[in-house]
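Take a look at the structure below.
2 protein chains.
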Amino acid sequence: MLERIKQSETKKLEAYLRSRSDDLSYEVLSKVQLILSDVRQHGDEAIIRYTKAFDGIELTSLRVSDEALNEWAAAADEAFKEAMTKAKDNIIAFHEAQKQNNYLQQQSLGICLGQRVLPLERVGVYVPGGRAQYPSSVLMNVLPAKIAGVKRIVMITPPSKSGQLDPKIAYAAQLAGVDEVYLAGGAQGIAALAYGSETIPRVDKIVGPGNIYVAAAKKLVYGTVDIDMIAGPSEILVIADEGARADYTAADLLSQAEHDPMASAILVTTSSKLADQVCEELKRQSEQLPKQAIIAESLKAYGKLILCETLADCVEVANVIAPEHLELMVADPWALLGLVRNAGSVFLGYYTCESVGDYWGGTNHVLPTNGTARFASALSVDSFVKRSSFLYYSKEAIEAYGSKIVTLAESENLQAHANAVKVRM
Amino acid sequence: MLERIKQSETKKLEAYLRSRSDDLSYEVLSKVQLILSDVRQHGDEAIIRYTKAFDGIELTSLRVSDEALNEWAAAADEAFKEAMTKAKDNIIAFHEAQKQNNYLQQQSLGICLGQRVLPLERVGVYVPGGRAQYPSSVLMNVLPAKIAGVKRIVMITPPSKSGQLDPKIAYAAQLAGVDEVYLAGGAQGIAALAYGSETIPRVDKIVGPGNIYVAAAKKLVYGTVDIDMIAGPSEILVIADEGARADYTAADLLSQAEHDPMASAILVTTSSKLADQVCEELKRQSEQLPKQAIIAESLKAYGKLILCETLADCVEVANVIAPEHLELMVADPWALLGLVRNAGSVFLGYYTCESVGDYWGGTNHVLPTNGTARFASALSVDSFVKRSSFLYYSKEAIEAYGSKIVTLAESENLQAHANAVKVRM
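Residue numbers (the UniProt record's numbering), protein chains in the order written: chain A, 1 to 425; chain B, 1 to 425.
This is the structure:
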């Protein structure tokens, strides 16, 4: 079930995986650009018009009332609610530690400088419509913003035929503390968040996944507002030693493969025996899974197996691939962690399957995909703050150091910069 | 010299200022896309070919030797070198405080989770060619990366007719600790950093300003590598009370206006007397400045004056504009700082002109421009790290909490996710 490649082919594999994320076509971008301009100009009316055209739904109001949200949320299953509530606690506990402090430094002559960490004021969370509904993502996107101190968190989601939200999504929105919910999806929804409409407030940052039109719209409004990232196809890389169980290993690879035909599952191991067993297990287990068609496609195209001499070699493979999820299914995972330079999130030991992090443990599941873990990070409290520096120089300080500043400004031929110092000396 | 507008027109002014940054045209983007593909495919040969075509220079080698860099740097002026060396110390002192720690949390049943902060491995710094050379920007871009722990910092800059680097740039590169310097500019240089060529290494992040082709190339390679930001036209907003001196105030407004006809200088004050005096001073001082033509253009289009009732009102104007630079030229600037929500960097009191921060104080001068201070931050040590989470669950922990994880995975119809937990229970 997994194509076997050589360790020396790792860089080729990296390039192949990266080719999964197509550039957005000019056709999509220019279509989306028109929608953005239209909503910017015509506000609510345009949003309602596009919703009718694309979704076949006639909206009379964009805003979801608190009463409606309460009612829908109440319909969610009790076991689900209980698990979500505890998952929320775990996510908060993990993310609280990410809060950064202001700092202030004092120097001679009264000089004082520092940095303040300020929350963004308004954040928009996009929640996709359709059959696949991910309430866990609502927690993952909203809770770090709450902890950062964002005062107004706005959720938008495409309306459904029934006019109602999925009860689980409604519950997650309430549990996470979303302040307002609007029925607007696609590029028109993103436009509303970026520019504001009569009903929907303009925000400072837009987070959350969406289809290709949402992705294109986010890319185009980036700069007017901030965005989280353009999520690409995701991957898991499992490093397993001879002590790893084949059934666990296979199950974890399958949990990634079921997401998407473009998802990638890679096994890197020192044990050729384990590799064989995992391939058998993949076959056996996937036959019992409802998404076996997606899994088959994903494994065929992007399921790979690499045998390495040593565990350190295995980690080097991971560092080149820079996977979104990295499992260290080895006897002593802590001995390897320090060698890992590029991975979105690392799952340690035989018992920590990726699902623990996806739903429960507290780490964020919005992770850098498709090799971007080389330079990007999980969604975090940092994603919802900005840092603003400040500087105070006294009269004495400017007199003491002014001539140096003049030297530097004049070396760049910026006489007005120099003059601002000179007039004070 | 400054057009007077009402406080109630602040939002209109914000929109007007934002309209300064044009979208990159499809023409530029598609031209740049071709260059990127060409360099990706043909490497050094394509870079050399474009350098000949665009700059009329025949390169025999892309790499600047250490000997050449030493020789050019030695030619820099002594007073400049001394001032740069002290500025470097100040920049390091300020940025050291931005280093973030790893963290680790322990819970019952042996559960362990946390976050590691890892430096990017390779960073590319773009330094524009042409007559305007900014050695201070080399320090501002490179030093935070050094402090973050980036091991390989690569500088690229377009070759000049003489074949030499400006001595000040060469000195700044050495002083900051740039590891390698290459002669490559424009979109072809950015392509080399994004994809790598035979000579120039592929990096994880590209920082530094450039012309429109550089900006377009950075936008297009974003995702393959990280980028700092697409710098837009910059601005200063000065809040002044009746105790502020008109000559200081005018000098500071002019220090922004001299940058660029698109730069904006805005005075917000409670004193109509000061406003009149500042306008006179602007006229008087600008007549003595070498860049008076640029200044006249900039002030005419984007020089504004807003009179407010109170200083708190003045700060509200600043919060809407979200200026790159905000000066609080008031008797008690610390009383206002807490009200400031949106500003790239804040300069406190009558003596702290923006130039202190541009060159000397230690805060970074690479700041969010054109209203993006609403959601973006100065370049910092944070810009050169990534955060990677980790999670460990014991056998006992998965047995204790597994059923909750299964509930959540099944609520999203992700059976393979649920199964990865089930096989372990």
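All C-beta atoms in this analysis are idealised placements derived from N, C-alpha and C, irrespective of residue type, glycine included. Computed from a prediction, not measured in an experiment: that's the story for all the values here.
The alpha helix (DSSP H) runs of length 4 or more contained entirely in the region 28–83 of chain A are, from start to end of the chain, 66–74. The three-state secondary structure of residue 16(B), taken from DSSP, is helix. Taking 3 residues as the shortest admissible run, the region 170–212 of chain B contains the following complete beta strand (DSSP E) segments, listed from N- to C-terminal end: 180–183 and 205–207.
In this chain, the beta strand (DSSP E) harbouring residue 240(B) covers 235–240. Within the model, the alpha-carbon separation for residue 138(A) versus residue 87(A) is close to 12 Å.
Chain A places no beta carbon closer than 8 Å to that of residue 283(B), leaving this residue out of the contacts.
Residue environment: residue 256(A) is assigned as buried (16 or more neighbouring CB atoms within 10 Å of its CB, all protein chains considered). Under a criterion of Cβ atoms nearer than 7 Å, the residues of chain B adjacent to residue 409(A) are, in order, 355 and 359. Among the residues of the region 297–320 of chain B, none has a Cβ less than 8 Å away from any Cβ of chain A. Residues of chain A whose Cβ lies closer than 7 Å to the Cβ of residue 417(B) are, in chain order, 255, 355 and 358. For residue 310(B), the CB contacts under 7 Å within the same chain, skipping 5 residues up- and downstream, are 270 in chain order.
Against chain A, the beta carbon of residue 204(B) has neighbours under 7 Å at 374 and 375, listed in chain order.
Here residue 280(B) is exposed: its Cβ has fewer than 16 other Cβ atoms, across all protein chains shown, within 10 Å.
Scanning chain B for C-beta atoms nearer than 8 Å to the C-beta of residue 344(A) yields 388 and 389, reported in chain order.
Contact annotation: the region 361–377 of chain B touches the region 222–230 of chain A, with at least three C-beta pairs closer than 8 Å. For residue 54(A), no CB of chain B lies under 8 Å from its own CB, so it is not counted at the interface with that chain. Assigned with DSSP and collapsed to three states, residue 111(B) falls in coil, not helix or strand. Beta bridge pairing from DSSP links residue 219(B) with no other residue.
DSSP places residue 156(A) in the strand class (E or B) of the three-state scheme. Across the set 284(A), 327(A) and 70(A), the C-alpha of 70(A) shows the shortest separation from the C-alpha of residue 169(A). Annotation for residue 274(B): the continuous alpha helix (DSSP H) segment containing it runs 272–286. When the beta-carbon positions are compared, residue 404(A) and residue 83(B) come within less than 8 Å of each other.
For residue 317(B), the enclosing alpha helix (DSSP H) covers residues 311–321. Between residue 24(A) and residue 212(A), the CB-CB gap stays under 8 Å. Cβ proximity to chain B below 7 Å picks out 204 and 205 from the region 185–217 of chain A.
Non-local beta-carbon contacts of residue 207(A) in its own chain, meaning distances under 8 Å to residues more than five positions away in sequence, involve 123, 124, 125, 126, 141, 145, 227, 228, 366, 379 and 383 in chain order. Beta-bridge analysis with DSSP links residue 95(B) to no other residue.
For residue 323(B), the closest Cβ of chain A is not nearer than 8 Å. At a C-beta separation below 8 Å, residue 329(B) has no neighbours in chain A, since its nearest C-beta there lies roughly 11 Å away.
Between residue 377(B) and residue 118(B), the CB-CB gap reaches or exceeds 8 Å.
In this structure, residue 220(B) lies away from residue 34(B), with their beta-carbon atoms at least 8 Å apart. Contact check between the region 8–20 of chain A and the region 291–308 of chain A: three or more CB pairs, one atom from each, fall below 8 Å, which counts as touching. In the structure shown, residue 399(B) adopts helical secondary structure according to DSSP, grouped into three states.
Assigned with DSSP and collapsed to three states, residue 392(A) falls in strand. Residue 408(B) and residue 174(A) have their C-alpha atoms roughly 17 Å apart.
At a cut-off of 8 Å, the C-beta of residue 364(B) has a neighbouring C-beta in chain A.
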